[in-house]
Ligand SMILES: *Cc1c(COP(=O)(O)O)cnc(C)c1O
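Numbering (the working numbering), first residue to last: 203 to 543.
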């Protein structure tokens with residue numbers, strides 16, 4: 203069956219016509235020499251948006267997270283993060299491989315941590331113990347079903363980090379989804395965190411790319427680490443131009459993705475074979491299937507109607523709405539869900 207609607211991830215998007223035009227018209231140069239005007243412009247725009255001094259364009263969100271972790275730590279240090287965190291679960295063991303650090307994972311509700319938990323997990327200054335040097339949050343929390351932090355809790359965690367001299371990094375792959383859903387601003391986040399990585403290749407619909415923001419000194423060092431990892435690109439401006447276009451034109455529309463996700467979630471919840479579902483705060487729907495369905499058999503049934511979803515455990519499905527999910531596709535999906543038996 204031909205794919206009609208692909209909900210496996212918000213990475214399944216193609217550049218919009220406006221984005222392609224922006225890419226074709228990009229003014230480019232050699233970014234390793236710092237001479238790509240489009241990359242420089244994207245970095246300046248995103249740094250400005252978050253009220254940070256500097257920014258670094260990276261090929262992927264994984265690379266910008268890994269660079270941030272490396273620059274914040276020394277080998278042998280401990281990084282505090284959720285047990286569901288992308289930096290721990292989905293970056294190939296990069297914390298150990300790239301930074302030589304170990305992760306101290308905490309179990310929080312829907313991938314969200316509290317200041318109390320974080321404070322209790324900081325190691326004492328004792329030669330037996332690894333030095334705790336960094337706290338990494340994720341907003342929205344992907345594996346938590348696109349859950350959003352309460353900003354007041356972020357500030358409390360920030361205070362704990364400050365009191366203990368820890369770095370504070372945000373994996374903001376889907377931060378714009380959280381900002382739109384909660385009516386928050388990038389500058390709030392820029393003021394709270396030392397460093398933030400955002401993805402351009404998720405909800406913002408770019409073919410690739412991520413931006414890491416931080417202080418001038420931090421980004422200078424990050425640029426060196428990016429080079430070591432092989433992430434120094436030449437005429438990257440063609441891709442950076444897509445990023446500029448996305449930040450300027452494809453942020454406010456994330457609300458449509460959130461509405462679509464809620465409509466699909468409501469249809470699912472009306473069916474007897476759908477069990478527990480995480481609250482749908484943004485563009486991610488994670489739910490349990492009940493007998494006679496398994497996640498695989500449910501996915502197969504929908505695939506027969508051209509609808510692709512993600513199987514994330516034997517009983518769990520993940521669906522993600524995005525730029526390339528049209529109203530017609532949503533209608534087709536709602537019809538399919540309501541007629542499944
Ligand atoms: C997708 C994602 C990333 C990075 O992804 P790349 O595919 O490497 O760009 C980082 N964190 C979260 C939460 C993500 O969902």
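Here a beta-carbon is modelled for each residue, glycine too, at the ideal position from N, C-alpha and C.
If you're wondering where the values come from, they're calculated on a predicted model, not measured in any experiment.
Residue i beta carbon near ligand 1 (any heavy atom closer than 7 Å)
i	result
residue 404	yes
residue 340	yes
residue 412	yes
residue 264	yes
residue 373	yes
residue 401	yes
residue 288	yes
residue 485	no
residue 379	no
residue 300	no
residue 462	no
residue 344	yes
residue 267	yes
Exposed unless 16 or more other CB atoms sit within 10 angstroms - verdict on residue i
i	result
residue 235	exposed
residue 272	buried
residue 520	buried
residue 514	exposed
residue 360	buried
residue 407	buried
residue 404	buried
residue 399	buried
residue 208	buried
residue 221	buried
residue 365	exposed
residue 371	buried
residue 263	buried
residue 290	buried
residue 418	exposed
residue 219	exposed
residue 432	exposed
residue 468	exposed
residue 389	exposed
residue 296	buried
Residue i versus residue j - alpha carbon distance
i	j	result
residue 246	residue 256	7 Å
residue 276	residue 499	46 Å
residue 265	residue 375	12 Å
residue 252	residue 543	48 Å
residue 384	residue 342	11 Å
residue 487	residue 511	10 Å
residue 338	residue 541	43 Å
residue 379	residue 463	12 Å
residue 206	residue 531	7 Å
residue 508	residue 482	23 Å
residue 452	residue 325	42 Å
residue 394	residue 506	46 Å
residue 501	residue 313	25 Å
residue 270	residue 472	43 Å
residue 435	residue 422	16 Å
residue 599	residue 318	Residue 599 falls outside the range modelled here, since the chain spans only 203 to 543, and no answer is possible.
residue 331	residue 322	14 Å
residue 349	residue 223	34 Å
residue 415	residue 250	9 Å
residue 546	residue 328	This structure cannot settle anything about residue 546, because the visible part of the chain is limited to 203 through 543.
residue 529	residue 377	24 Å
residue 309	residue 381	24 Å
residue 396	residue 217	31 Å
residue 340	residue 288	8 Å
residue 448	residue 316	32 Å
residue 470	residue 293	31 Å
Own chain partners of residue i with C-beta closer than 7 Å, once the 5 adjacent residues on each side are dropped
i	result
residue 497	491, 513, 515, 516, 517, 518, 519
residue 440	225, 228, 230
residue 504	511, 538
residue 475	491, 492, 495
residue 535	207, 466, 509
residue 346	286, 312, 313, 314, 480
residue 438	233, 238, 241, 259
Residues of its chain near residue i, where Cβ-Cβ distance is below 6 Å and the 5 sequence neighbours each way are ignored
i	result
residue 445	244, 402, 408, 411
residue 210	510, 512
residue 523	459, 462, 463, 485
residue 363	337, 370
residue 526	215
residue 442	240, 241, 244, 259
residue 280	304, 306, 332, 334
residue 301	271, 272, 275
residue 392	252, 253, 254
Contact set for residue i: own chain, Cβ-Cβ below 8 Å, skip 5 residues either direction
i	result
residue 203	505, 506, 507, 508
residue 357	394
residue 428	258, 260, 265, 269, 434
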